[in-house]
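Q:
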Amino acid sequence: MDIAAFRALEPLCWRAPSAHNTQPWRLRYEPGAIHLGWDAADTLPVADPTGRDLRLSLGAFVETCLIVAADAGLRLEYAADHDERHRRVGWLRPARHPYQTPFRTTDVWERRTDRGRLADGPEQDTLAALDAVARQAGGGVRAVPEPARLAALLRTADRQQYADPAVVAELRRWLRLDPTHPSYDVDGLSDRCLALSRPAATGLRAALAAYPLLRPLGLPRLLAAADDPLARGGAVLVLIAPADLDRTGQVEVGRVLMRIWLTLHTAGLAAHPLSQLIDVAATRTALGALLDVAPDRLLHVARVGRPNRPAPRSARRVGGA
1 MDIAAFRALE PLCWRAPSAH NTQPWRLRYE PGAIHLGWDA ADTLPVADPT GRDLRLSLGA
61 FVETCLIVAA DAGLRLEYAA DHDERHRRVG WLRPARHPYQ TPFRTTDVWE RRTDRGRLAD
121 GPEQDTLAAL DAVARQAGGG VRAVPEPARL AALLRTADRQ QYADPAVVAE LRRWLRLDPT
181 HPSYDVDGLS DRCLALSRPA ATGLRAALAA YPLLRPLGLP RLLAAADDPL ARGGAVLVLI
241 APADLDRTGQ VEVGRVLMRI WLTLHTAGLA AHPLSQLIDV AATRTALGAL LDVAPDRLLH
301 VARVGRPNRP APRSARRVGG A
């Protein structure tokens with residue numbers, strides 16, 4: 001196993017997506033295999049109490065590692081070995097044949113989350129391709145009819161999250177609203193990637209700094225009403241998981257999600273996650289009723305469409321932006 005060759009590719013592997021751009025994954029190189037795990041310090045115990053987003057991120061990282069390795073001619077396979085106690089999801093180990101994937105390292109490098117204006121949601125053939133990818137893992141992809149109908153649900157989810165001091169404190173830890181922030185080019189959610197103007201970023205930073213004082217005066221409602229991503233266009237797609245999905249299965253669906261994002265990218269489309277819709281119990285239940293799907297099977301929600309210009313590249317700890 002050419003450890004040195006894979007180490008050189010690690011900055012490309014870190015282009016995988018993660019909630020709040022926390023980049024929780026960690027690699028440990030051992031004789032004959034690479035340990036795939038995570039650092040608890042880079043998880044979201046308040047916003048992601050079940051670990052759903054963590055495991056999706058780890059699965060996306062696994063898939064990214066396999067794609068990047070295959071494109072470099074390295075023969076690796078993934079062996080699932082999920083262990084919460086030791087914070088491990090599995091191993092990368094030598095394989096007889098390269099990993100079979102239609103994607104290349106350039107797809108990994110160029111794919112970006114886009115919170116700006118999106119037009120022309122996926123065509124029917126693209127939707128069918130996305131659904132086929134999800135069905136490989138027993139799931140599916142559904143488009144929400146009339147996405148504007150979700151606006152009220154989105155405001156409700158945002159308002160409930162902004163009303164929770166613990167959620168806001170965790171969010172503030174990962175916000176990078178000023179280029180002078182010491183981690184601006186390292187991790188987290190920057191003003192650029194959030195598509196915030198300089199005045200908007202300054203205003204949000206000031207509002208959150210005064211959160212204890214302003215919360216009882218209605219700040220959560222004002223923050224929830226301040227932004228309507230659905231007004232910036234695009235379709236809304238929901239990833240539906242197989243029934244009774246366990247933790248190992250969530251990592252596998254994270255791999256599927258990465259393939260879905262890359263399928264969108266190669267079709268000239270971009271995605272903007274709207275996870276709050278399924279993070280809040282009431283809006284998750286309402287969305288499940290709208291789609292006639294059990295709420296616990298809703299695994300990921302995103303606004304999808306064709307961007308009018310390239311989105312900023314999010315920061316990474318390994319290899320720079």
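The numbering used here puts the first residue of the sequence shown at 1, with every later residue one more than the last. All residues carry an ideal CB built from backbone N, CA and C; glycine is no exception. Only a predicted model underlies this, so the values are computations on that prediction, with no experimental measurement involved.
1) If you check the beta carbons only, do residue 315 and residue 108 fall under 9 Å apart?
2) Distance, Cα to Cα, residue 239 vs residue 298?
3) Assign residue 253 to buried or exposed, taking buried as 16 or more other Cβ atoms, counted over all protein chains shown, within 10 Å of its Cβ.
4) Within the same chain, show all residues whose beta-carbon is closer than 6 Å to that of residue 160, passing over the 5 residues directly before and after it, in chain order.
5) Can you say whether residue 278 is buried or exposed, counting buried as having 16 or more other CB atoms within 10 angstroms of its CB?
6) Report the residue from 181, 216, 214 whose alpha carbon sits nearest the alpha carbon of residue 201.
7) If we count Cβ pairs, one from each stretch, closer than 8 Å, do we get three or more for the region 20-30 versus the region 44-59?
8) Using a 10 Å radius around the Cβ and a threshold of 16 neighbouring Cβ atoms, would you call residue 197 buried or exposed?
9) Rounded to whole angstroms, what is the Cα-Cα separation between residue 162 and residue 168?
10) Tell me which same chain residues have a C-beta within less than 7 Å of the C-beta of residue 129, skipping the five on either side of it?
11) Is the Cβ-Cβ distance between residue 170 and residue 47 less than 9 Å?
12) Hey, is the region 71-82 in contact with the region 97-115, meaning 3+ C-beta pairs nearer than 8 Å?
13) Return yes when the C-beta of residue 16 is under 8 Å from any heavy atom of the ligand ADP, and no when it is not.
14) For the beta strand (DSSP E) containing residue 322, list its first residue and its last residue.
15) Does the beta-carbon of residue 272 have 16 or more other beta-carbons within 10 angstroms, so that it is buried, or is it exposed?
16) Is residue 301 helix, strand or coil by DSSP?
17) When burial is assigned at 16 or more other CB atoms within 10 Å of the CB, is residue 183 buried or exposed?
18) I'd like to check one pair, residue 251 with residue 35: are the Cβ atoms closer than 9 Å?
19) Look at residue 270 and residue 113 and say whether their C-beta atoms are less than 9 Å apart.
20) Candidates 236, 59, 6, 318: which alpha carbon is nearest residue 149's?
21) Name the two residues that bound the continuous beta strand (DSSP E) containing residue 265.
22) Please return the same chain residues whose Cβ sits closer than 8 Å to the Cβ of residue 147, not counting the five positions on each side in sequence.
23) Please state if the CB of residue 137 and the CB of residue 256 are separated by a distance shorter than 9 Å.
24) Let me check understanding here. Comparing Cα to Cα, which of 103, 265, 309, 308 lies closest to residue 63?
25) Starting from residue 222, follow the alpha helix (DSSP H) in both directions and report where the run begins and ends.
26) Between 189, 49, 39, which lies nearest to residue 58 when the distance is taken from Cα to Cα?
27) Would you report the Cα separation of residue 30 and residue 73, rounded to the nearest angstrom?
28) Which word fits residue 309, buried or exposed, when buried means at least 16 other C-beta atoms lie within 10 angstroms of its C-beta?
29) Does the separation of the CB atoms of residue 210 and residue 219 fall below 9 Å?
30) With a CB to CB cut of under 7 Å and the five nearest residues on each side skipped, what residues in its chain are close to residue 307?
31) Between residue 153 and the rest of its own chain, which residues show a CB-CB distance below 8 Å, the 5 nearest in sequence each way excluded?
32) Quick check on residue 47: does DSSP put it in helix, strand or coil?
A: To lay it out plainly:
1) no
2) 6 Å
3) buried
4) 280
5) buried
6) 181
7) yes
8) exposed
9) 6 Å
10) 263
11) yes
12) yes
13) Here there are no bound small molecules, and the ligand ADP is not part of this structure.
14) What is shown of the chain runs 1 to 321, which leaves residue 322 out entirely.
15) buried
16) strand
17) exposed
18) no
19) yes
20) 236
21) Unbroken run through residue 265 is the alpha helix (DSSP H), 247-266; no beta strand (DSSP E).
22) 230, 234, 235, 236, 303
23) yes
24) 103
25) 219-225
26) 39
27) 21 Å
28) exposed
29) yes
30) 114, 116, 118, 270
31) 277, 283, 286, 287
32) coil
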